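Each number in this note's numbering comes from the position in the sequence shown (counting from 1) with 95 added on. Beta carbons are placed, not taken as given, at the ideal position from N, Cα and C, and that holds for glycine. Bear in mind the structure is a predicted one, so any value in this text is a computation, not a measurement. Written out below as structure tokens is the structure these notes cover.
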Amino acid sequence: MKSFLIAILICMPFLGNTQGIGLWTSAHVEKKLNKSFSVNVSGQTRFSDNANVLKSYLGEAGLEYKLNKYFGASLYYRYIGKRKQDKSSEDYYYRSFHRFYGNVTFEYKLTKWLKFDYRFRYQDQFKDDESGLINSGSYFRHKAEFTYKNKSRFSPYVSVDVFYLLGTGFEQIRYKTGCNISLNKRNSFDLSVFADKAVVGGATDPAVISLAYKLKMK
């Protein structure tokens, strides 16, 4: 419980301005194929404007490879339906986007109670158009995360995710804090809060609350 209270205290600054707060909900399923490979499938809904508007929905699947206790790699495909406004009719619709991305990960236990994770991601995204698929942005992303490890079911963490848009430069930084709650060996729940801040201009988007359920299949 002490670990959970620490996570709540860390989250408080993100919730200082709740105007237009967002809500992301997701479910993730992992199936191990052997000691090195696993398959992951997930779905997510993303709401904005105090969780009143479905901004986007997505589904993704990927293959992860664990090289050793420190390094790993993965490849994913993500389908996204984004809410857009039709300029001719002013009606809203959901436009299809396709994202392909790969990760290289590193993890290391700094002390008995502090774990460090680093993830490098390259992502390429396309949107459906009458003439076919159009590239809508390619990114390098660097994410660093620190997790407080302890004997309880609660593992608080903080992370920073830096977005670099190819051809433009550093675009935004995502500040995140949360807590992973282990229900048992196969089920867990993650509660987090994050905010995106633009590098140019310094504007900060409204905070987003994220709720995620994770299942590890046998």
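Check	Outcome
Would you list the one or two residues that DSSP bridges to D293?	Per the sequence presented here, residue 293 reads as Ala, with Asp not at that position. According to DSSP, which records beta bridges pairwise, A293 is partnered with Q267.
Between K204 and the rest of its own chain, which residues show a CB-CB distance below 6 Å, the 5 nearest in sequence each way excluded?	K210
Does the count of Cβ pairs from the stretch 217-232 and the stretch 240-255 closer than 8 Å reach three?	no
Within 10 angstroms of its Cβ, does Y165 collect 16 or more other Cβ (buried), or is it exposed?	exposed
What's the gap between the Cα of N282 and the Cα of S183?	47 Å
When the Cα of F136 is compared with those of T263, E125, Y259, which residue comes out closest?	Correcting the residue identity first, residue 136 is Val in this sequence and not Phe. Measuring from the Cα of V136, the nearest candidate turns out to be E125.
Check the DSSP bridge columns for S121 and list the partner residues they point to.	Q139, A307
In its own chain, which residues sit with a C-beta less than 6 Å from the C-beta of S289, not counting the 5 before and 5 after it?	The displayed chain sequence assigns Phe, not Ser, to residue 289. Cβ neighbours of F289 beyond the five flanking positions: R269, K271, V303.
Suppose you measure from the CA of I229 to the CA of G115; what does that come to, to the nearest Å?	30 Å
Using the beta-carbon count (16 or more within 10 Å), is Y188 buried or exposed?	exposed
Can you tell me whether K117 is buried or exposed? The criterion is at least 16 other CB atoms within 10 Å of its CB, across all chains shown.	The residue asked about is misnamed: residue 117 is Gly in this sequence, not Lys. Buried, because 16 or more other Cβ atoms sit within 10 Å of the Cβ of G117.
What residue range does the beta strand (DSSP E) around Y168 cover?	This sequence places Ala at residue 168; Tyr is not what is there. That run of the beta strand (DSSP E) goes 166-180.
Please determine, among S277, L310, T263, the residue with the shortest C-alpha to C-alpha distance to V295.	T263
Count the other CB atoms, across all protein chains shown, that sit within 10 Å of the CB of Q180; report buried if there are 16 or more and exposed otherwise.	exposed
Using a Cβ-Cβ cut-off of 6 Å (strictly less than) and excluding sequence neighbours within five positions of D291, which residues of its own chain qualify?	Q267, R269, D300
Applying the criterion that 16 or more other CB atoms from any shown protein chain within 10 Å of the CB defines a buried residue, is Y160 buried or exposed?	exposed
Comparing alpha-carbon positions, which option in S131, R236, G154 lies nearest A122?	G154
For S169, which residues from the same chain have a beta carbon less than 6 Å from its beta carbon, with the 5 sequence-adjacent residues on both sides left out?	G157, E159, N198
If you drop the 5 nearest sequence neighbours on each side, which residues of the same chain put their C-beta closer than 6 Å to that of S305?	W119, S287
Return the Cβ separation of G167 and Y152 in integer angstroms, given the expectation that the two are a contact with Cβ distance under 8 Å.	Wrong, their Cβ atoms sit about 28 Å apart, outside the cutoff.
Roughly how many whole angstroms lie between the Cα atoms of Q218 and S133?	20 Å
What is the residue span of the beta strand (DSSP E) that D224 lies within?	209-224
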